[in-house]
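These protein sequence lines are chains A and B, in that order. Everything in the first sequence is counted per our numbering, starting at -10 for the first residue and increasing by one. Everything in the second sequence is counted per our numbering, starting at -10 for the first residue and increasing by one. As structure tokens, the structure follows; a few thoughts come after it.
Protein chains: 2
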Amino acid sequence: MLEQIGKNAKQAETELRNLAAAVKNKALRQAADDLTASSAVILQENAKDIQKAKENHMPEGLLDRLKLTEQRIQAMAEGLYQLADLEDPIGEVLGMKKRPNGLMIGQKRVPLGVVGIIYEARPNVTADAFGLCFKTGNAVILKGGSDALFSNQAIVKCIRKSLQKAQVTPDAIQLITDTSRATAAAFMKLHQYVDVLIPRGGAGLIRAVVEQSTIPVIETGTGNCHIFVDESADLTMAADIVYNAKTQRIGVCNACESLLIHETIADVFLPLLTDKLREKNVELRGDAAVCKILPEAVPAAEEDWGKEYLDYILSVKTISSVEQAIAHINRYNTKHSDAIITKDYENAQKFLDQVDAAAVYVNASTRFTDGFEFGYGAEIGISTQKLHARGPMGLEALTTTKYIIYGNGQVRP
Amino acid sequence: MLEQIGKNAKQAETELRNLAAAVKNKALRQAADDLTASSAVILQENAKDIQKAKENHMPEGLLDRLKLTEQRIQAMAEGLYQLADLEDPIGEVLGMKKRPNGLMIGQKRVPLGVVGIIYEARPNVTADAFGLCFKTGNAVILKGGSDALFSNQAIVKCIRKSLQKAQVTPDAIQLITDTSRATAAAFMKLHQYVDVLIPRGGAGLIRAVVEQSTIPVIETGTGNCHIFVDESADLTMAADIVYNAKTQRIGVCNACESLLIHETIADVFLPLLTDKLREKNVELRGDAAVCKILPEAVPAAEEDWGKEYLDYILSVKTISSVEQAIAHINRYNTKHSDAIITKDYENAQKFLDQVDAAAVYVNASTRFTDGFEFGYGAEIGISTQKLHARGPMGLEALTTTKYIIYGNGQVRP
Chain A
-10 MLEQIGKNAK
0 QAETELRNLA
10 AAVKNKALRQ
20 AADDLTASSA
30 VILQENAKDI
40 QKAKENHMPE
50 GLLDRLKLTE
60 QRIQAMAEGL
70 YQLADLEDPI
80 GEVLGMKKRP
90 NGLMIGQKRV
100 PLGVVGIIYE
110 ARPNVTADAF
120 GLCFKTGNAV
130 ILKGGSDALF
140 SNQAIVKCIR
150 KSLQKAQVTP
160 DAIQLITDTS
170 RATAAAFMKL
180 HQYVDVLIPR
190 GGAGLIRAVV
200 EQSTIPVIET
210 GTGNCHIFVD
220 ESADLTMAAD
230 IVYNAKTQRI
240 GVCNACESLL
250 IHETIADVFL
260 PLLTDKLREK
270 NVELRGDAAV
280 CKILPEAVPA
290 AEEDWGKEYL
300 DYILSVKTIS
310 SVEQAIAHIN
320 RYNTKHSDAI
330 ITKDYENAQK
340 FLDQVDAAAV
350 YVNASTRFTD
360 GFEFGYGAEI
370 GISTQKLHAR
380 GPMGLEALTT
390 TKYIIYGNGQ
400 VRP
Chain B
-10 MLEQIGKNAK
0 QAETELRNLA
10 AAVKNKALRQ
20 AADDLTASSA
30 VILQENAKDI
40 QKAKENHMPE
50 GLLDRLKLTE
60 QRIQAMAEGL
70 YQLADLEDPI
80 GEVLGMKKRP
90 NGLMIGQKRV
100 PLGVVGIIYE
110 ARPNVTADAF
120 GLCFKTGNAV
130 ILKGGSDALF
140 SNQAIVKCIR
150 KSLQKAQVTP
160 DAIQLITDTS
170 RATAAAFMKL
180 HQYVDVLIPR
190 GGAGLIRAVV
200 EQSTIPVIET
210 GTGNCHIFVD
220 ESADLTMAAD
230 IVYNAKTQRI
240 GVCNACESLL
250 IHETIADVFL
260 PLLTDKLREK
270 NVELRGDAAV
280 CKILPEAVPA
290 AEEDWGKEYL
300 DYILSVKTIS
310 SVEQAIAHIN
320 RYNTKHSDAI
330 ITKDYENAQK
340 FLDQVDAAAV
350 YVNASTRFTD
360 GFEFGYGAEI
370 GISTQKLHAR
380 GPMGLEALTT
390 TKYIIYGNGQ
400 VRP
């Protein structure tokens, strides 16, 4: 079954590679129209998933991610309309140059080919991932969580029909309906047919994919994001930024999880900060110096420094220099997003140079690490690996290049 | 042992990340000087490898790759001098833009971190790989073939001393001296410490790495390169190009292995071509039509179409259209380099658009797929995968980017 899906995708790849932007955009709009029109059927299928999930005692948070509503289906359609309006990155030729022997060599942006996506029980990812891959001329093979199978089947069926209406191969999107672990493992070995595998989900899923996959993986990862409040920081600005980065949305990878404070300002800054954080009942886990200043702080354990809480909890440590802050961050961060709040030019530059992360900030909230905030108009995730794409990934992350070379008879001497 | 090597490399990474270009270049020149000065010792150690290899009946071709001479050591040194003269790609900031909220967001080119190289018994790779990784601010961990252990140890020892003289951490280069398969397998799982693994060697080595590694791999691959001689081709140009691509150097991945000829010109073109190929005794393996025209041709078997001969052998097939040529190539190529020889504008564009390969040529030899020929001044290999780097990889392929963001108090609304 997997083999056939792989072959279908490769077949589709050839057609999709050179599809005109206008055709792709028309198909995306068709799919958006049809999702809205089919919402009754999709909701009906989603209700089956929800009922099963309730019987299996799925936790509230996961149930909420699984549940579709008219409004959520509308949001999926809206996402596809927006993609249709974005510029098509495919076909652009970068840096064409003439070599001394007269060869003209340039790099043309082309689709990756076949993209595999493994994700948990979030049916909205089904339409999102299709839209991003299709816009960039890729065939997509989806392997969603078993708890969302009815929903995913309904969405994929609807989109495949839209593609047929738009006279595009429906194999641009395929769903693996066997949700067993064995099939997932076999899918990860399908490098003959799949050019890249993107896991979307929790740390466990991502680790499993990295360890098992023979397909190149783009790792979208966890965020243990730090903010370092330097000696010279504008303390009001620092408190606003920490408050924003910690509490504006807690369950996201670019939220602040750990705060470093220069020791000379800790006793002034901490009360200022906790005045704000108290609004949201943020629990502080501090080192000895922090606990001394703030009696309500809980003593931090070693494992707190490396933790992504995704909750109203913040670890807090005092630091004696920017160098010590950088060393601490490079030891404990997840290479996602880290910020310094400072008025000191040299410390700002040192921090930008030496912190090893996808996004390094001076005087701004880590919450900006996001494809839309960075101006990409779309996002397939935030890469915390270093190969291919690092940080927020827009449409270009789903493309590669090929060299095109125009000659007039050149041979190698 | 591996764990310690990984830790040492991570430690070195911090120092190397921001090393000034002048310091790196000085160290590279020091290493080049010292390699030349130590050639007697290196040759002595190499002689031990050679003797052992002869006792083990190593084939001539491999022995030749293993053997060092004064001249070959000089070439290694020359490579390092040349790297010292190249521009340092590290630190460049790409596309800094101001967002509507005032954030300045740019991408800074930075080292990957720790690069692992697994290669066969070719001691020159030891110095080359070090030079490329060091120039780009990366720490390198080398795992060379067991047959070259004495040579590699001598070279690495020499370079580590040079680094110390230049006051740079010697752990910028480390060699895994345990050459067992178990250690190689464990090395491939060291993703905690190694950011990218580059296998350099034959198809078997590369397959093993792709299948076992949990570290992201850059696959440098085999080349089953095609040339399609279209109906409208300038036949003299076509014969020159095929002759060059097949015979200028046979053991390389960008040599032509398969020739497609439009059926309407086969009977004119083939005799013209074989006149030239006969100089080099090239064996032709043809389809029925080719064998009919050329009685000396050997009938090709199905497996010939997918073969990388690396020898004076060429498979030859007649084709009825550019579409059929493209379909054949996309089925049998290794996504390396393919060329069309034509005077037809539409066919040229169609071929460039639809052939799926790292480099696609019109009217030129496939032998140009090479970092030096493309003007990069250095090459770590030719990537046949689509992620991160595709085609000839220069210094930039050993870098990644990080977002640097300058703010003045921005928080996310």
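C-beta: ideal position from N, C-alpha, C; glycine also. The model shown is predicted, which means the values in this text are computed figures rather than measured ones.
Contact with chain B is found for glutamate 200 of chain A, since one of that chain's Cβ atoms lies less than 8 angstroms from the residue's Cβ. Counting only Cβ-Cβ distances below 7 angstroms, leucine 92 of chain B has contacts in chain A at Ala353, Phe357, in chain order. Chain-ordered listing is empty here: chain B has no CB closer than 7 angstroms to the CB of proline 48 of chain A, the nearest sitting near 27 angstroms.
Taking 8 angstroms as the CB threshold, isoleucine 230 of chain A lines the interface with chain B. Residue-level contact check: methionine 382 of chain A does not touch chain B, since none of the beta carbons of chain B fall below 8 angstroms from its beta carbon. When C-beta atoms of the stretch 147 to 165 of chain A are compared with those of the stretch 116 to 123 of chain A, three or more pairs fall below 8 angstroms, so the two segments count as touching. Here the C-alpha atom of isoleucine 107 of chain A lies approximately 8 angstroms from the C-alpha atom of alanine 173 of chain A. In the structure shown, phenylalanine 340 of chain B adopts helical secondary structure according to DSSP, grouped into three states. Close partners of glycine 102 of chain A in chain B (Cβ separation under 9 angstroms): Asp345, Lys375. Annotation note: the stretch 120 to 204 of chain A contains the following uninterrupted beta strand (DSSP E) runs of length 3 or greater, listed N- to C-terminal: 128 to 132, 162 to 164, 185 to 189. Here DSSP, grouped into helix, strand and coil, assigns lysine 37 of chain B to helix. Secondary structure note for phenylalanine 357 of chain B: it is in no beta strand (DSSP E), with a DSSP letter that is neither H nor E. Residue-level contact by beta carbon fails for tyrosine 334 of chain B and chain A, as no gap is shorter than 8 angstroms. For the stretch 184 to 195 of chain A, the residues whose beta carbon sits under 7 angstroms from a beta carbon of chain B are, in order, Asp184, Val185. Taking a C-beta distance under 8 angstroms as the contact criterion, glycine 380 of chain B and glutamate 368 of chain B do not qualify as a contact pair.
Residues of the stretch 231 to 261 of chain A whose Cβ lies closer than 7 angstroms to any Cβ of chain B, in chain order: Asn233, Gln237. In the DSSP annotation of this structure, the continuous segment of the beta strand (DSSP E) that includes valine 103 of chain A starts and ends at 103 to 108.
For arginine 88 of chain A, the chain B residues whose Cβ falls inside 9 angstroms of its Cβ are Phe357, Glu362, Phe363, Gly364, in order along the chain. Using a Cβ distance threshold of 8 angstroms, proline 78 of chain B and threonine 388 of chain B count as a contacting pair. Runs of the beta strand (DSSP E) lying entirely within the stretch 287 to 349 of chain A and spanning at least 3 residues, in chain order: 302 to 308, 326 to 330. A straight line joining the alpha-carbon of serine 326 of chain B with that of glutamate 312 of chain B spans about 17 angstroms.
With 16 or more other CB atoms across the displayed protein chains lying within 10 angstroms of its CB, histidine 215 of chain B is buried. Proximity of proline 78 of chain B to chain A, defined by a Cβ-Cβ separation below 8 angstroms, is not satisfied. Within chain A, the residues Ile393 have their CB atoms less than 7 angstroms from the CB of leucine 341 of chain B, given in chain order.
Neighbours of histidine 325 of chain B in chain A, taken as residues at a C-beta separation under 8 angstroms, are lacking, since the least C-beta distance is about 11 angstroms. Interface criterion met: the Cβ of histidine 180 of chain B is under 8 angstroms from a Cβ in chain A.
Taking the beta carbon of glycine 398 of chain B as reference, the chain A residues within 8 angstroms of it are Asp223, Met226, Asp229, Ile230, Asn352, Ala353, listed in sequence order. At a cut-off of 8 angstroms between C-beta atoms, valine 349 of chain B counts as an interface residue with respect to chain A.
Annotated three-state conformation of tyrosine 70 of chain B is helix, per DSSP.
For arginine 379 of chain B, the nearest beta carbon of chain A is closer than 8 angstroms to its own beta carbon.
The DSSP-derived three-state label of phenylalanine 258 of chain B is helix. Chain-ordered, the chain A residues with CB closer than 8 angstroms to the CB of threonine 203 of chain B read Val199, Glu200. Any Cβ of chain B closer than 8 angstroms to the Cβ of threonine 389 of chain A would place that residue at the interface, and such an atom is present. If you check the CB distance, asparagine 213 of chain B and glutamate 246 of chain B come in under 8 angstroms.
Beta-bridge analysis with DSSP links serine 372 of chain B to B:Thr209, B:Gly380. Against chain B, the CB of asparagine 7 of chain A has a partner CB under 8 angstroms away; the residue lies at that interface.
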